[in-house]
Every structure is written in structure tokens, then in C-alpha cells.
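Per the working numbering, residue 664 is the first one in the sequence shown, and the count goes up by one each step. Glycine residues also receive a C-beta, built at the ideal position from the N, C-alpha and C atoms.
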Amino acid sequence: MWPEYGHDIDGRSVLDLDALFGGRPVVLEIGFGMGEATAEMAAAEPGTGILAADVHTPGQGNLLRLIEARGLDNVRVANGDAIILLREMLPESSLAGIRVYFPDPWPKKRHHKRRIIQPEFLDLAASRMAPGAVLHCATDWEPYAEHMLETLTADERFANLHDGFAPRPDFRPRTRFEGQGLGKGHRVRDLLFRRV
Numbered sequence: 664m665w666p667e668y669g670h671d672i673d674g675r676s677v678l679d680l681d682a683l684f685g686g687r688p689v690v691l692e693i694g695f696g697m698g699e700a701t702a703e704m705a706a707a708e709p710g711t712g713i714l715a716a717d718v719h720t721p722g723q724g725n726l727l728r729l730i731e732a733r734g735l736d737n738v739r740v741a742n743g744d745a746i747i748l749l750r751e752m753l754p755e756s757s758l759a760g761i762r763v764y765f766p767d768p769w770p771k772k773r774h775h776k777r778r779i780i781q782p783e784f785l786d787l788a789a790s791r792m793a794p795g796a797v798l799h800c801a802t803d804w805e806p807y808a809e810h811m812l813e814t815l816t817a818d819e820r821f822a823n824l825h826d827g828f829a830p831r832p833d834f835r836p837r838t839r840f841e842g843q844g845l846g847k848g849h850r851v852r853d854l855l856f857r858r859v
């Protein structure tokens with residue numbers, strides 16, 4: 664399965680997304696956990712290519728099993744750092760969207776600089792997203808949700824599709840991390856911002 668559906672993020676070459684996905688619009692999913700939600704979205708959106716990046720090898724293996732079991736031809740698994748993938752392996756304006764669901768909130772103040780949703784990430788994301796592409800984030804950590812909203816709202820390259828936080832879209836399945844957060848009494852926040 665790996666030779667056909669897997670790619671190592673090595674920064675050595677730019678991916679040919681048309682060849683990988685047969686000309687479909689491509690959405691990058693950063694961090695997919697065990698891949699259940701990714702496979703569910705891929706099955707529901709066969710006309711969209713999903714490039715799913717993560718460093719968690721058990722999750723990669725599980726997603727590959729789901730791809731095979733469901734006969735999905737619109738998912739590719741990328742092993743490694745999504746920042747290197749964005750910076751060195753994806754063409755400019757090539758993405759129809761980016762999904763960042765339940766990233767590590769890095770709750771300690773001294774670790775906030777490790778959060779993925781930062782102005783530097785938005786610089787990179789904006790350069791790889793086509794006009795009209797949507798950045799969709801979800802988190803169950805309220806302080807991080809506020810940080811995401813503030814950071815995205817301050818960036819003129821992105822327009823909020825809602826007034827503040829978005830209602831949970833029907834197309835986003837419930838993830839394991841979401842279930843854990845809800846079990847702890849956390850409120851889940853979605854953010855949908857369009858690349859202008």
C-alpha cells in the first residue's frame with residue numbers, strides 16, 4: 664500500500680498533485696490521528712483529493728488499511744512534517760483547502776510558540792492555497808480557539824465565512840480527539856476562513 668498511497672516528506676521534490684489525484688482539487692489535512700474521519704470524508708467526497716499528513720506511524724498504517732478496505736482512490740498519506748511539505752513540496756496556489764482538526768493546543772504559555780496556527784504558518788498556507796480555498800480548523804481547547812480566531816481575523820488574506828466561530832459543519836465527522844474533549848466537558852469550536 665505504501666508505494667502507491669504513501670509519500671515521505673523529504674523536501675527533495677515538488678509533488679505532482681494532478682498525477683497523484685487525477686486532476687481533482689486537493690485538500691491538505693494536517694494531523695489525522697488514526698484516520699477514521701479522513702477516510703469518512705474521502706468516501707463522502709470522491710471528487711476531492713485528500714493529502715493527509717502526520718508523523719504518527721500507527722495512524723498512517725490504520726489510514727492505509729481504511730483506504731484499502733473502502734476502496735478509496737482519493738487519499739494519499741504523507742509521513743513527516745507538514746511544514747516541510749507545505750514549504751518545499753507543494754506548488755503555490757495548489758490547494759483547494761487545508762484542514763487542521765484538533766491540533767496540539769500546547770496549553771502552557773511557554774509552549775504557545777509551538778502551536779501550528781501562527782502568523783508564520785498562515786504566510787505559508789496562504790501561499791499554497793488557491794483563491795477561494797478554505798482553511799478549516801477545529802479545537803476543543805477554548806484558549807487555543809480564541810488564539811486561532813484572533814490570528815486568522817488579523818490576517819487580511821483570509822475572510823471569516825461566519826461571524827466568529829462557525830457551527831460544526833455536517834461534512835466534518837466526529838474525531839477521536841473531539842470525543843475525548845467532549846467527554847471532558849470541553850466545547851468544540853470550528854473556524855472556516857476563505858483565502859481571498
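Starting from Arg687, trace the alpha helix (DSSP H) both ways and give me its first and last residue. Arg687 -> no alpha helix (DSSP H), and no H or E assigned at all.
Would you be able to state if there are at least three C-beta pairs under 8 Å between the stretch 734 to 744 and the stretch 701 to 716? Taking 8 Å as the limit for Cβ pairs, the verdict is that the stretch 734 to 744 does touch the stretch 701 to 716.
So within the stretch 673 to 727, which uninterrupted beta strand (DSSP E) runs reach at least 3 residues, ignoring any that extend past its ends? Within the stretch 673 to 727, the complete beta strand (DSSP E) runs of at least 3 residues are 689 to 693 and 712 to 717.
Measuring alpha carbon to alpha carbon, tell me which of Ala707, Arg839, Ala829 and Tyr807 ends up nearest Pro768. For the residues Ala707, Arg839, Ala829 and Tyr807, the minimum Cα distance to Pro768 belongs to Tyr807.
To the nearest angstrom, report how far apart Gly857 and Ala796 are at their CA atoms. In the sequence as displayed, the identity of residue 857 is Arg instead of Gly. Approximately 6 Å between the Cα atoms of the pair.
Using a Cβ-Cβ cut-off of 6 Å (strictly less than) and excluding sequence neighbours within five positions of Asp818, which residues of its own chain qualify? Excluding positions up to five away in sequence, the list reads Leu785.
Can you give the Cα-Cα distance for Ala741 and Gly669, rounded to whole angstroms? Spanning the alpha carbons of Ala741 and Gly669 requires a straight line of approximately 6 Å.
Tell me, please, whether the stretch 717 to 730 touches the stretch 762 to 778 by the rule of three or more beta-carbon pairs shorter than 8 Å. With a cut-off of 8 Å on Cβ pairs, the stretch 717 to 730 is not in contact with the stretch 762 to 778, counting fewer than three such pairs.
Contact set for Pro832: own chain, Cβ-Cβ below 8 Å, skip 5 residues either direction: Answer for Pro832: His799, Asp853 and Leu855, listed in chain order.
Reduced DSSP secondary structure (H/G/I, E/B, other) of Met664: The three-state secondary structure of Met664, taken from DSSP, is coil.
Jot down the residue ranges of each uninterrupted beta strand (DSSP E) in the stretch 730 to 799, minimum 3 residues, whole runs only, in chain order. Runs of the beta strand (DSSP E) inside the stretch 730 to 799: 738 to 742 and 758 to 764.
Tell me the DSSP secondary structure of Phe840 in three-state form. DSSP, reduced to helix, strand and coil, places Phe840 within a helical segment of the structure shown.
May I ask you to verify whether the stretch 787 to 795 touches the stretch 835 to 844, counting CB pairs closer than 8 Å and requiring at least 3? These segments do not touch.
Okay, do the stretch 715 to 724 and the stretch 752 to 761 touch, 3+ Cβ pairs below 8 Å being the bar? No contact exists between the stretch 715 to 724 and the stretch 752 to 761.
Using alpha carbons as the reference points, say which of Leu845, Phe834, Arg850 and His849 lies closest to Ala707. With distances taken between Cα atoms, Ala707 lies closest to Phe834.
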